[in-house]
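Engineer: Structure provided below as structure tokens; questions to follow.
Residue numbers (this note's numbering), protein chains in the order written: chain A, -12 to 229; chain B, 1026 to 1317.
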């Protein structure tokens, strides 16, 4: 007997998002399957970051955001997050004047924290826990931002450009962490680095000027240089994965 | 030598009053981006609440009467500030101009309300006999009220620092001062923190109001607005959102004002404070209490 397909972890339907008076997203729709990594890609200004911000309610929005069948699109950010959504923004969003430990503790609420997992994935942070987060290197700050999203068990992680501005060695570490993370949770990843997308993502959603221009398997798109160039303006990234 | 000591202690008393008003103002602006022009009214409300309570608690022994009057002022300050945040400021988050207008209007309304209830004339403020006189510090006779004001401000500074650095809620507030959007993105209801900060600010200002009565020996409806001006200066010099910065700036402003008023001419101290503000804005616009 054939089982029914699992419902998507996240469904975004006709999402429109405004920044001030400007409409940035014009009816975006896509799904993210549970237990997968989906990459949200597109040229600069396509609306990738705005999509993540719209999903958790950090920007004015209309449309539907459905998490495991529950419509959360009218809920304020903190309630969407409490439904089990973690968010790692592009600028990392760490609190530079708080210590590493305080940054982590702020993310802990109610549920049992996954401190062992965090220690396992980010052994350096334990040593740095009494330092102010603002004194950490860019790579360490990125690790802290990821650790903060992982310190409690989330159903969905929204991660915005986690490899941006990092040295290649640190990029490899971040990719490894994301791979391990994906074994326990679902990831929606905004990423410009196509080799990273190629290595991590099963599905891709391509945005262009605030609309979805492609959804489908990452391998199909990235193995087609002509289509990749047409959609993203760059060649595919299968050859140089970190 | 005695004059210097007396000026220092009275200046510290003034610094303490500035700090009590500026601490809440700084946190409110740092966390919520609200320039709360009604904050001086919280001071007046506290002053009149303490005065009213002390008039009605005459059956109690002096220390209990005084303590209860201060506690009553704290409670009234917290309630009024909390209501102001919930009913007046909250609907206007993100609308800076409207917030300024509404808090200015509220300051005028509260001031008018106090005048309507108790008149515009100064009212003598009761203080326990033990605090009414002077004491000797290193051979100089200084007003005990100044020493009390300084001691209370130090206690408030210590309590706020402990709260901000040793409690989860304090960490939420410090994080919110830096990036309140990210606080919400961690699942924390940042608006509740806004209300808590307003209540804390209202309590500190109300305590400042009660101690204004102790320091000057009387209260009147104009004290809140006039202290608020200097509290704003303290907040800017100290750095928005920095309690330690506000404490340091209060110290500098209070002492500078006191010494210049004495050694130059009355009123020149205010000018000196304005010049200091201009200097800090030119050289260190982020204030004394913040790294950058």
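Idealized CB from N, CA, C, for every residue including glycine.
(1) Can you say whether residue 1098 (chain B) is buried or exposed, counting buried as having 16 or more other CB atoms within 10 angstroms of its CB?
(2) Can you give the beta carbon distance from residue 1242 (chain B) to residue 1070 (chain B), rounded, assuming they're within the 8 Å contact cut?
(3) Would you mind stating whether residue 29 (chain A) and residue 219 (chain A) have Cβ atoms separated by less than 8 Å?
(4) Using the C-alpha atoms, what's the distance from residue 1066 (chain B) back to residue 1140 (chain B)?
(5) With DSSP collapsed to three states, give me the class of residue 5 (chain A).
(6) For residue 150 (chain A) and residue 1064 (chain B), I'd like the C-alpha separation in whole angstroms.
(7) Looking only at its chain, what residues have a beta carbon closer than 7 Å to the beta carbon of residue 118 (chain A), apart from the 5 residues adjacent to it on each side?
(8) Buried or exposed for residue 196 (chain A), please, with buried defined as at least 16 other CB atoms from any protein chain shown within 10 angstroms of its CB.
(9) What residues in its chain sit with their C-beta under 6 Å from that of residue 1149 (chain B), if we drop five residues either side in the sequence?
(10) Give the straight-line distance between the Cα atoms of residue 152 (chain A) and residue 125 (chain A), rounded to the nearest whole angstrom.
(11) Within its chain, find whatever has a CB closer than 8 Å to the CB of residue 1159 (chain B); leave out the 5 residues flanking it on each side and keep chain order.
(12) Residue 1213 (chain B) touches chain A at which residues, Cβ-Cβ below 8 Å?
(13) Using a cut-off of 7 Å between C-beta atoms, extract the partners of residue 89 (chain A) located in chain B.
(14) Do we get a CB-CB distance below 8 Å when we pair residue 1199 (chain B) with the residues of chain A?
(15) Grab me the residues of residue 184 (chain A)'s own chain with a C-beta within less than 8 Å of its C-beta, minus the 5 sequence neighbours each way, in chain order.
(16) Could you check which residue in B:1223, B:1294, B:1311 and B:1173 has the C-alpha nearest to that of residue 1113 (chain B)?
(17) Between which residues of its own chain and residue 1128 (chain B) is the CB-CB distance below 6 Å, once the five residues before and five after are set aside?
(18) Does any residue of chain B bring its CB to less than 8 Å from the CB of residue 157 (chain A)?
(19) Look up residue 1241 (chain B) in the DSSP assignment and say whether it is helix, strand or coil.
(20) Which same chain residues end up closer than 7 Å to residue 1270 (chain B) when comparing Cβ atoms and leaving out the 5 residues on each side of it in sequence?
(21) Mind checking which residues open and close the beta strand (DSSP E) that includes residue 1213 (chain B)?
(22) Mind checking who residue 118 (chain A) pairs with in its DSSP beta bridge?
(23) Alpha carbon to alpha carbon, how far is residue 139 (chain A) from residue 99 (chain A)? Give it in angstroms, no decimals.
(24) Using three-state DSSP, classify residue 149 (chain A) as helix, strand or coil.
(25) Assuming residue 69 (chain A) and residue 60 (chain A) make a contact with CB atoms under 8 Å, what is their CB distance in whole Å?
(26) Does the segment 1207 to 1224 of chain B come close enough to the segment 1177 to 1191 of chain B to have 3 or more Cβ pairs within less than 8 Å?
(27) Note the first and the last residue of the continuous beta strand (DSSP E) segment covering residue 74 (chain A).
(28) Give a yes or no on whether 8 Å exceeds the smallest Cβ distance from residue 80 (chain A) to chain B.
(29) Name, in chain order, the residues that DSSP records as bridge partners for residue -3 (chain A).
(30) Which residues bound the alpha helix (DSSP H) around residue 262 (chain A)?
(31) What's the C-alpha gap between residue 1123 (chain B) and residue 1058 (chain B)?
(32) In chain B, what lies closer than 7 Å to residue 85 (chain A) by C-beta?
(33) Pull out every residue of the segment 1119 to 1130 of chain B whose Cβ sits closer than 8 Å to any Cβ of chain A, in chain order.
(34) If we count the other Cβ atoms within 10 Å of its Cβ and call it buried at 16 or more, is residue 1095 (chain B) buried or exposed?
(35) Provide the residue span of the beta strand (DSSP E) that contains residue 100 (chain A), from first to last.
(36) Can you look up residue 1279 (chain B) in the DSSP assignment and give me helix, strand or coil?
Structural biologist: Taking the structure as given:
(1) For the purposes of this step, residue 1098 (chain B) is taken as residue 73 along the second chain, with counting starting at 1. Counting other Cβ atoms within 10 Å of its Cβ, residue 1098 (chain B) reaches 16 or more and is therefore classed as buried.
(2) Counting from one through the second chain, the residue named residue 1242 (chain B) turns up at place 217. Counting from one through the second chain, the residue named residue 1070 (chain B) turns up at place 45. At roughly 19 Å, the Cβ-Cβ gap does not stay under 8 Å, so residue 1242 (chain B) and residue 1070 (chain B) are not in contact.
(3) Counted from its first residue, the first chain places residue 29 (chain A) at position 42. Counted from its first residue, the first chain places residue 219 (chain A) at position 232. With respect to residue 219 (chain A), residue 29 (chain A) sits close: the two C-beta atoms are nearer than 8 Å.
(4) As a first step, residue 1140 (chain B) is located in the second chain; it is residue number 115 there, counting from the start. As a first step, residue 1066 (chain B) is located in the second chain; it is residue number 41 there, counting from the start. Straight-line Cα distance between these residues: approximately 12 Å.
(5) The residue labelled residue 5 (chain A) in the question sits at position 18 within the first chain. It is a strand residue.
(6) Position 163 of the first chain, counted from the first residue, corresponds to residue 150 (chain A). Position 39 of the second chain, counted from the first residue, corresponds to residue 1064 (chain B). Using only the alpha carbons, I get a separation of about 45 Å.
(7) For this step, residue 118 (chain A) is matched to residue 131 along the first chain. Excluding five sequence positions before and after residue 118 (chain A), the CB atoms of its chain that fall closer than 7 Å to its own CB belong to 86 and 87, given in chain order.
(8) Locating residue 196 (chain A) in the first chain gives position 209, where the first residue counts as 1. Around the C-beta of residue 196 (chain A), fewer than 16 other C-beta atoms lie within 10 Å, and the residue is accordingly described as exposed.
(9) As a working mapping, residue 1149 (chain B) is identified with position 124 in the second chain. So the qualifying residues of the chain are 1243.
(10) The residue labelled residue 152 (chain A) in the question sits at position 165 within the first chain. The residue labelled residue 125 (chain A) in the question sits at position 138 within the first chain. Cα to Cα, the separation comes out at about 8 Å.
(11) Within the second chain, numbered from 1, the residue matching residue 1159 (chain B) stands at position 134. These residues qualify, in order along the chain: 1166, 1167, 1168 and 1169.
(12) Numbered from 1 along the second chain, position 188 holds the residue referred to as residue 1213 (chain B). Annotation: Cβ neighbours of residue 1213 (chain B) in chain A (cutoff 8 Å, chain order): 65, 93 and 96.
(13) On the first chain, residue 89 (chain A) is found 102 positions in, with the first residue counted as 1. Correct list: 1196.
(14) Within the second chain, the letter at position 174 stands for residue 1199 (chain B). Taking Cβ atoms only, chain A reaches closer than 8 Å to residue 1199 (chain B), which makes this a yes.
(15) On the first chain, residue 184 (chain A) is found 197 positions in, with the first residue counted as 1. Once the five neighbours on either side are set aside, the close Cβ partners of residue 184 (chain A) are 26, 28, 176, 178, 191, 205, 209 and 224.
(16) As a position in the second chain, residue 1113 (chain B) is number 88, starting the count at 1. That would be B:1223, whose Cα lies nearest to the Cα of residue 1113 (chain B).
(17) Counted from its first residue, the second chain places residue 1128 (chain B) at position 103. Excluding positions up to five away in sequence, the list reads 1061, 1062 and 1063.
(18) Here residue 157 (chain A) is taken as the residue at index 170 of the first chain, counted from 1. Chain B contact via Cβ: absent.
(19) By one-based count along the second chain, residue 1241 (chain B) stands at place 216. When secondary structure is reduced to three states using DSSP, residue 1241 (chain B) falls in the helix class.
(20) If you number the second chain from 1, residue 1270 (chain B) lands on position 245. Here the set comprises 1263, 1264, 1312, 1313, 1314 and 1315.
(21) Against the second chain, residue 1213 (chain B) aligns to sequence position 188. Run containing residue 1213 (chain B): none; DSSP gives neither H nor E here.
(22) Here residue 118 (chain A) refers to the residue found at position 131 when the first chain is read from its first residue. Among the bridge pairs identified by DSSP, residue 118 (chain A) is matched with none.
(23) Residue numbering aside, residue 99 (chain A) sits at position 112 when the first chain is read from its first letter. Residue numbering aside, residue 139 (chain A) sits at position 152 when the first chain is read from its first letter. Whole-angstrom Cα-Cα distance: 7 Å.
(24) In the first chain, counting from the first residue as 1, residue 149 (chain A) sits at position 162. Per DSSP, reduced to three states, the secondary structure at residue 149 (chain A) is coil, with no helix or strand assignment.
(25) Position 82 of the first chain, counted from the first residue, corresponds to residue 69 (chain A). Position 73 of the first chain, counted from the first residue, corresponds to residue 60 (chain A). The distance from the Cβ of residue 69 (chain A) to that of residue 60 (chain A) is about 15 Å, inconsistent with a contact at the 8 Å cut-off.
(26) Not touching, per the Cβ criterion.
(27) The count along the first chain starts at 1 and reaches residue 74 (chain A) at position 87. Run containing residue 74 (chain A): 72 to 75, per the beta strand (DSSP E) assignment.
(28) As a first step, residue 80 (chain A) is located in the first chain; it is residue number 93 there, counting from the start. Interface annotation, residue 80 (chain A): in contact with chain B, CB-CB separation under 8 Å.
(29) Looking up residue -3 (chain A) in the first chain gives position 10. Under DSSP, residue -3 (chain A) shares a beta bridge with A:19 and A:54.
(30) An answer regarding residue 262 (chain A) cannot be provided, because it is not within the stretch -12 to 229 covered by chain A.
(31) Here residue 1123 (chain B) is taken as the residue at index 98 of the second chain, counted from 1. Here residue 1058 (chain B) is taken as the residue at index 33 of the second chain, counted from 1. Their backbone Cα atoms lie some 12 Å apart in a straight line.
(32) Working through the first chain from its first residue, we reach residue 85 (chain A) at position 98. In chain order: 1196, 1199 and 1200.
(33) Cβ contacts with chain A: none found.
(34) The count along the second chain starts at 1 and reaches residue 1095 (chain B) at position 70. Within a 10 Å sphere around the beta-carbon of residue 1095 (chain B) sit 16 or more other beta-carbons, which makes this residue buried.
(35) The count along the first chain starts at 1 and reaches residue 100 (chain A) at position 113. In this chain, residue 100 (chain A) is not harboured by any beta strand (DSSP E), its DSSP state being neither H nor E.
(36) Within the second chain, residue 1279 (chain B) is the residue found at index 254, counting from 1. In the three-state reduction of the DSSP assignment, residue 1279 (chain B) falls in the helix class.
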